[in-house]
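Numbered according to the working numbering, the sequence shown spans residues 1 to 204.
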Amino acid sequence: MKKNILSIIAIVAAFTFALPSMAQLKIGLKGGLNLTNVTLSDRVNPQYNFRTNNRAGFFVGPTADITLPVVGLGIDASILYNNKVISIEEDKKTLHYIDVPINAKYTVGFSSLASIYFATGPQFSYNVGDRNWTTRGINYGWELNQSEFSWNVGAGVTALSHLRVGYNYNIGLGSTKERRESLVSPETIKLKNNTHQVSVTYFF
C-alpha cells in the first residue's frame, strides 16, 4: 500500500515538473467536512437493500493548484487524509483513507479580487485503517477494499488569490468491500459510498 501511495505522489510530482514553464504553481493547505451516503444492494435478497443517512467526517492535507498557459484552464491535485464515517442500521464504521484527487479546473474571473471555478476528475483512495467490518443487525461481515477509485464533480469561489471555498461531490465507481461472509446469502452484495464535501483552501 505504501508503494502505491508513493507511486501516486511520484506521478503527481513528475506531471507538475513536466508542465510548460509558463504554467503557474501555487501550494496550499486544504481542509473540510464530508457527508457520506452508503448504498447496500443484494440482488438475491432485496429485502436487505439499504441506503444510509449522511454521516459526518473530515479531511485535511496539502494541495497544489496549477494554472495552465491556456485561458481559464488549470489542474489541482491534493494528498488528503480523509476520516469518513459509514453506517448500516445501528452499526457504524470509521474509515481512514489517503485520498489523491486530480481535477481538471476551469476558472472564470470577475475581477482581480474573485473568481469562480468548475472542476472534475478522478480520485484514488487508499484505506490505511482497519479494513474488517461486521454488521450485527443484518449478519454481514466483510473486508473493505484496500484501494478505491472514484470521480469528483465540484465548483467553488476563489478570493484574493489566496482563499478558496468549494463544494465537491465524490462518486464511488466501484464496490467499497472486497470480501463478504453472510449468514443469509451467498456473495451477491455491493457496498458503495458517495460523499458530499465542503472545503476551505488557503494558498501560501
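For every residue, glycine included, the Cβ atom is placed at its ideal position computed from N, Cα and C.
Since the structure is predicted, the reported quantities are computational estimates derived from the model, not experimental observations.
Practice task
Answer yes if the stretch 79–93 comes into contact with the stretch 103–118, meaning at least three C-beta pairs across the two stretches below 8 Å, and no otherwise.
Solution key: Not touching, per the Cβ criterion.
Exercise for the section: Could you tell me the distance, in whole angstroms, from the CA atom of G72 to the CA atom of Y81? Expected result: C-alpha of G72 to C-alpha of Y81: approximately 29 Å in a straight line.
Exercise for the section: Check D130 in the structure and name its three-state DSSP category. Expected result: coil
Practice task
Report the three-state DSSP secondary structure of F204 (helix, strand or coil).
Solution key: Correct three-state label for F204: coil.
Problem - N- and C-terminal bounds of the beta strand (DSSP E) containing N82 - result: 80–88
Problem - Option in S115, G74, R55 with minimal Cα separation from A64 - result: G74
Exercise for the section: Could you have a look at P69 and say whether DSSP puts it in helix, strand or coil? Expected result: coil
Handout entry: Complete alpha helix (DSSP H) runs within the stretch 92–166 (minimum length 4 residues, chain order)
Key = none
Problem - Inter-residue spacing [alpha-carbon to alpha-carbon] between N168 and G129 - result: CA-CA distance, N168 to G129, rounds to 24 Å.
Exercise for the section: Taking 8 Å as the cut-off, decide whether the C-beta atoms of F204 and G28 are in contact. Expected result: yes
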